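S.K.:
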Amino acid sequence: MSAVKERVAIVTGAARGLGAATARRLAADGLAVAVLDLEEAAAKETVEAIVAAGGKAIAVGANVSDAEQVAAAVERVVAELGAPTVLVNNAGITRDNLLFKMTESDWDAVMGVHLRGTFLMTRAVQKYMVDAGWGRVVNLSSTSAVGNRGQANYSTAKAGLQGFTKTVAIELGKFGITVNAVAPGLIATEMTRATAERLGRTWDEYAAARAKDIPVGRVGEPDDIANTVSFFVGEGAGFVTGQVIYVAGGPKT
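Rendered as structure tokens:
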């Protein structure tokens with residue numbers, strides 16, 4: 001356990017939702033955590049929660065789709081916490097619309113954060129993992145990767161992340177680095193609550209209706225995802241790589 005406590009993790013999109021829950025869980029597991037989000041100020045609440053619980057964390061602001069900002073952010077993490085050997089690529093946005101209404105900017109924005117952002121962050125961090133002979137990369141995909149009406153951009157990006165995961169797992173495995181993906185189903189977050197509001201329904205109504213089609217009979221919570229990420233990051237998952245696990249209360253629900 002002492003070796004785990006010395007590890008440094010970066011979690012992107014960690015100001016709220018799945019990223020915040022994951023950052024808190026990894027801190028509870030004994031890792032120092034860089035809580036990265038578009039605006040540094042937005043990440044401070046997550047950092048304060050980690051510190052209040054006895055963990056170690058810093059807030060870092062960066063646009064993950066900007067190569068210069070990514071490089072600067074990683075350099076800061078190295079300077080303030082140490083070399084990162086855990087990376088959770090969670091940052092994401094939605095720009096939902098039917099294909100004939102979707103704009104080029106809607107498409108490019110989603111691809112930029114999910115695909116370009118994951119690529120830039122992984123490329124920037126992998127050298128520290130190679131040097132350490134140990135590393136964990138966890139990418140956040142989605143059940144939308146198998147297709148979802150009104151999400152041609154998001155579904156494509158999330159499917160692309162699965163291909164990225166499997167390819168990088170092949171490339172980096174010989175250096176002691178595992179690369180896996182978590183694909184959440186419906187999780188109670190600000191993003192999904194906004195979806196309910198956009199449909200003119202209360203969250204409780206929306207969640208209850210959706211839960212009827214989920215085998216376990218409930219909507220997921222951010223901690224359901226954080227717990228799965230924690231497994232992939234742990235020492236015991238060293239022989240698990242290139243995998244996509246659907247955390248959806250059922251088989252790709």
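Quick note: the sequence shown uses the UniProt record's numbering, first residue 1, plus one each step. The C-beta atom is built at its ideal place from N, Cα and C for all residues, glycine as well. Here the structure is a predicted model, which means the values were calculated and not measured.
Short of 6 Å in beta carbon distance, which residues of its chain neighbour Arg25, apart from the five on each side in sequence? Order them along the chain.
M.R.: Cβ within range, chain order: Ala226 and Ser230.
S.K.: Short check: CB of Val8 to CB of Leu31, under 8 Å?
M.R.: Yes. Within cutoff.
S.K.: Under the three-state reduction of DSSP, which class applies to Thr178: helix, strand or coil?
M.R.: In the structure shown, Thr178 sits in a strand (DSSP, three-state: E or B).
S.K.: Could you tell me the boundaries of the beta strand (DSSP E) in which Gly61 lies?
M.R.: Segment Ala57 to Gly61, the beta strand (DSSP E) holding Gly61.
S.K.: In the structure shown, what three-state DSSP assignment does Gly135 receive?
M.R.: Strand.
S.K.: How big is the Cα-Cα spacing for Glu190 and Ala237?
M.R.: Going by the C-alpha atoms only, they are around 30 Å apart.
S.K.: Leaving out five residues on either side along the sequence, give the residues of the same chain with a beta carbon under 6 Å from the beta carbon of Tyr154.
M.R.: Thr94, Val110 and Ser144, listed in sequence order.
S.K.: Once the 5 residues before and after Pro251 are set aside, which same chain residues still bring their CB inside 7 Å of it?
M.R.: No residues qualify anywhere along the chain.
S.K.: Measure the C-alpha to C-alpha separation of Gly36 and Leu98 and round it to an integer number of angstroms.
M.R.: This sequence places Leu at residue 36; Gly is not what is there. Answer to the nearest angstrom: the Cα atoms are 31 Å apart.
S.K.: Let me check understanding here. Comparing Cα to Cα, which of Trp203, Asn180, Ile187 and Glu221 lies closest to Gly234?
M.R.: Per the Cα distances, Asn180.
S.K.: I need the straight-line Cα distance from Gly242 to Asn63, nearest angstrom please.
M.R.: Their Cα atoms are separated by approximately 26 Å.
S.K.: Identify whether Gln69 lies in helix, strand or coil by the three-state DSSP scheme.
M.R.: Looking at Gln69 - three-state DSSP - the assignment turns out to be helix.
S.K.: Is the separation between the beta-carbon of Gln126 and that of Ile187 shorter than 8 Å?
M.R.: In this structure, Ile187 does not lie closer than 8 Å to Gln126 by Cβ.
S.K.: Can at least three beta-carbon pairs, one atom from the region 151-166 and one from the region 104-120, be found at a separation below 8 Å?
M.R.: Short answer: they touch.
S.K.: Measuring only the C-alpha atoms, how far is Thr27 from Arg198?
M.R.: The question names Thr, but residue 27 in the sequence shown is Ala. Taking the straight line from one Cα to the other gives about 34 Å.
S.K.: Within this structure, are the beta carbons of Asn90 and Gly163 separated by less than 8 Å?
M.R.: No, Cβ-Cβ distance for Asn90 and Gly163 is not below 8 Å.
S.K.: Got a sec? Which residues, its chain only, sit under 7 Å from Gly17 by beta carbon, not counting five neighbours each side?
M.R.: Only Thr189, Glu190, Met191 and Pro222 meet the Cβ criterion.
S.K.: Can you give me the start and stop residues for the beta strand (DSSP E) that Asp37 sits inside?
M.R.: Here the beta strand (DSSP E) through Asp37 covers Ala32 to Asp37.
S.K.: Taking the runs of the alpha helix (DSSP H) that are 4 residues or longer, which of them lie wholly in the region 88-157?
M.R.: Within the region 88-157, the complete alpha helix (DSSP H) runs of at least 4 residues are 104-111 and 117-132.
S.K.: Just to confirm before moving on: does the CB-CB distance between Val77 and Thr122 stay below 8 Å?
M.R.: Result no, Cβ atoms of Val77 and Thr122 do not sit closer than 8 Å.
S.K.: Measure the CB-CB distance between Pro184 and Ser142 and report whether it falls below 8 Å.
M.R.: Yes, these two residues count as a Cβ contact at 8 Å.
S.K.: Based on Cα-Cα distance, which residue from Glu40, Phe239, Phe100 and Ala124 lies nearest to Ala67?
M.R.: Of Glu40, Phe239, Phe100 and Ala124, the residue nearest in Cα terms is Ala124.
S.K.: Answer yes or no: do Thr118 and Leu161 have a C-beta to C-beta separation smaller than 8 Å?
M.R.: Cβ atoms of Thr118 and Leu161: closer than 8 Å.
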